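What follows is a single structure, written as structure tokens, with notes after it.
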Amino acid sequence: MADKLIALIPGDGIGVEVVAQARRLLEHYRAERGVPITLWDLDLGADRYLKDGTTYPKEIAARIAGEARAVLLGALGDPRVPGLEHARDILFGLRFGLDLYANVRPVKALDDSLVPLRGRTAKDVDCVVFRENTEGIYVGMGGQFKRGTPDEIAINEDVNTRKGVERLIRAGFEHAKKHGKKTVHLADKSNAMKHAHELWYRCFFEVAKEYPGVEAKHVYVDALCLYMVQDPSPFEVIVTCNLFGDIVTDLGAGLQGGLGMAASANVHASDPSRVAMFEPVHGSAPPLAGKDVANPIASFLTVGMMMTHLGYPEEEARIEAVATRAVREKKCTRDVGGALGTRAVGDFFLDALGSSKR
Ligand code: NAD
Ligand code: IPM
Ligand code: MN
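So the sequence shown is residues 13 to 370, counted in our numbering.
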């Protein structure tokens with residue numbers, strides 16, 4: 013059988029550094045463990061855009077859609093491109109272009125030391141956020157009128173389709189059923205957004221009827237933010253719209269040790285045979301870039317999620333176990349209590365996974 017094609021887009025800032033380390037893990041699986049993958053390195057990001065104007069070429073998009081099994085993305089965002097045009101083309105080109113409607117973001121603390129809440133431990137922080145990933149306020153519909161005048165108007169439409177809402181909600185319930193979770197929470201603002209989120213609310217309880225073993229609960233997203241910092245333990249699976257999912261998962265990252273610990277997968281959930289895109293939740297963190305201080309663990313956990321997608325769930329479990337050890341043994345970066353650099357954490361992971369290469 014032909015190798016599975018894995019596209020790598022390091023992107024900008026610390027994205028480049030963490031993907032360099034994540035690539036070593038993938039190379040270990042390829043060269044030392046016989047995992048049939050071919051790595052395809054793509055030079056896309058702010059440097060490329062500033063050099064020749066390239067953002068996300070059609071031929072590359074077509075090859076990813078037609079031939080790749082997975083994409084690993086670092087992060088996009090560079091102060092030299094204040095309009096973020098390249099970032100939107102690449103990131104949304106992947107998410108929208110491949111119809112990766114579920115952005116699956118686990119909020120899981122691997123060790124008590126990572127949990128900043130008084131009286132709470134790692135067992136209290138273990139849920140998965142299903143963020144709608146192809147609609148909402150992110151579609152870019154709208155515009156500006158009379159820009160720069162006292163009468164200016166700026167509009168971003170919030171697009172919610174029955175199909176889009178329903179498939180994301182169903183993905184959350186399917187996950188709960190598959191993993192023996194007792195509850196799914198819908199986080200919305202149906203009290204204020206009476207058209208769009210009435211659709212979410214109605215659809216949520218309709219879909220819930222198909223899953224009698226899973227309890228469907230509703231929470232307003234503002235209250236969810238309160239509960240998550242008071243006691244996150246009741247939350248197992250959360251389904252929510254694109255924008256709220258973005259915000260809630262940065263809050264969630266704060267409960268699991270920071271953005272350096274938060275992984276994510278962008279999937280077409282109803283058909284896992286389709287190409288998926290994997291990225292740490294964090295951005296390009298310009299102030300940390302080039303200093304060998306970025307925490308690569310989020311990108312390693314992201315490789316773990318990719319390994320499950322490729323058919324090796326036991327490797328995701330191993331990577332998570334090594335990440336837990338790295339934190340406990342302080343073989344990690346400063347943000348999570350260690351004193352190692354990005355690359356040295358990569359060395360620790362490769363050793364722990366049994367690699368003979370450095
Ligand atoms: P950010 O995630 O880059 O940084 C937020 C905070 O978390 C900073 O204090 C940073 O130092 C810290 N942090 C992030 N990742 C870390 C890591 N691996 N190790 C240690 N600390 C880490 O968010 P921001 O500063 O709001 O955004 C910077 C740029 O990244 C912007 O251009 C933004 O649009 C972009 N961004 C891109 C993505 C993506 O490509 N998926 C995601 C988020 C932000
Ligand atoms: C994320 C990021 C992106 C988002 C930005 C860079 C557009 O914050 O992946 O969480 O809002 O989806
Ligand atoms: Mn975000």
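A virtual CB, placed ideally from N, CA and C, is assigned to each residue, including glycine. In this text, all values refer to a predicted model and were calculated from it rather than measured experimentally.
Grab me the residues of residue i's own chain with a C-beta within less than 6 Å of its C-beta, minus the 5 sequence neighbours each way, in chain order.
i, result
"G353", "D304"
"D15", "P48, I49, T50"
"H207", "none"
"A99", "L88, G89"
"K193", "E248, V249"
"T66", "R60"
Starting from residue i, follow the beta strand (DSSP E) in both directions and report where the run begins and ends.
i, result
"Y232", "227 to 232"
"D304", "D304 -> no beta strand (DSSP E), and no H or E assigned at all."
"T195", "195 to 200"
"K120", "114 to 120"
"G27", "Where G27 is concerned, there is no enclosing beta strand (DSSP E), although the alpha helix (DSSP H) it sits in stretches over 26 to 44."
"D138", "138 to 144"
"D359", "Element bounds for D359: not the beta strand (DSSP E) but the alpha helix (DSSP H), 354 to 364."
"F290", "288 to 290"
"A277", "277 to 279"
"L84", "80 to 87"
Can you find a heavy atom of ligand 4 that lies under 6 Å from the Cβ of residue i?
i, result
"N307", "Ligands displayed in this structure: ligand 1, ligand 2 and ligand 3; ligand 4 is not among them."
Just the C-alpha distance for residue i and residue j, rounded to the nearest angstrom, thanks.
i, j, result
"G270", "A288", "24 Å"
"L84", "A274", "14 Å"
"V357", "G154", "44 Å"
"K135", "A121", "7 Å"
"I76", "D111", "13 Å"
"D123", "L129", "13 Å"
"S296", "V93", "13 Å"
"K189", "R132", "27 Å"
"G109", "Y150", "13 Å"
"F217", "A228", "7 Å"
"G302", "G23", "13 Å"
"F256", "V233", "7 Å"
"Y324", "N278", "18 Å"
"A43", "E327", "15 Å"
"A235", "P224", "26 Å"
"R81", "P284", "10 Å"
"L300", "C344", "15 Å"
"M318", "Y213", "31 Å"
"E244", "A74", "Sequence check: residue 244 is Pro here, not Glu. Between P244 and A74, the C-alpha separation is close to 41 Å."
"A329", "A338", "14 Å"
"R60", "A34", "21 Å"
"R107", "R117", "14 Å"
"Q156", "H321", "41 Å"
"L211", "C253", "11 Å"
"D170", "G152", "9 Å"
"D231", "R45", "Inspection of the sequence shows that residue 231 is occupied by Val rather than by Asp. Rounded to the nearest angstrom, the two C-alpha atoms are 45 Å apart."
"T336", "I259", "25 Å"
"T161", "A204", "30 Å"
Need the endpoints of the alpha helix (DSSP H) that residue i sits in, please.
i, result
"P22", "Not the alpha helix (DSSP H): P22 falls in the beta strand (DSSP E), residues 16 to 23."
"N254", "254 to 267"
"T67", "Element bounds for T67: n/a, residue is neither H nor E."
"R159", "Taken as a continuous stretch (DSSP letters only), R159 belongs to no alpha helix (DSSP H), as it is neither H nor E."
"I49", "Not the alpha helix (DSSP H): I49 falls in the beta strand (DSSP E), residues 49 to 53."
"G105", "97 to 109"
"H321", "309 to 321"
For residue i, which residues in the same chain have their Cβ closer than 7 Å to its Cβ, ignoring the five residues on either side in sequence?
i, result
"Y68", "L56, D101, I102, G105"
"P91", "P298"
"V241", "L129"
"L96", "G89"
"H209", "D200, K201, S202"
"L180", "Y113, A114, F142, E144, V251"
"L54", "A19, L20, I21, I72"
"Q268", "V119, K120, A121, L126, V137, A274"
"K158", "E164, I165"
"E178", "C215, V219"
"A58", "D24, D90, R92, V93, H98"
Within its chain, find whatever has a CB closer than 8 Å to the CB of residue i; leave out the 5 residues flanking it on each side and keep chain order.
i, result
"T173", "E147"
"L263", "C237, M240, V241"
"L362", "R36, L37, H40, K369, R370"
"I331", "L37, F312, L313, V315, G316, M319, F361, L365"
List the whole-angstrom C-beta distance separating residue i from residue j, where the pair is believed to meet the contact cut-off of C-beta under 8 Å.
i, j, result
"V293", "S276", "5 Å"
"W52", "A19", "5 Å"
"R143", "N115", "4 Å"
"T314", "E341", "In fact, because the Cβ distance is near 21 Å, the residues do not count as touching under 8 Å."
"T195", "V226", "7 Å"
"H40", "S367", "5 Å"
"V334", "A306", "With 8 Å as the limit, V334 and A306 do not qualify as a contact, their Cβ atoms being about 18 Å apart."
Should the region 138 to 156 be regarded as contacting the region 248 to 264, the criterion being three or more beta carbon pairs within less than 8 Å? yes
Do the region 199 to 215 and the region 183 to 190 touch if we need at least three Cβ pairs shorter than 8 Å? no
With three or more C-beta pairs closer than 8 Å as the rule, is the region 342 to 351 touching the region 28 to 35? no
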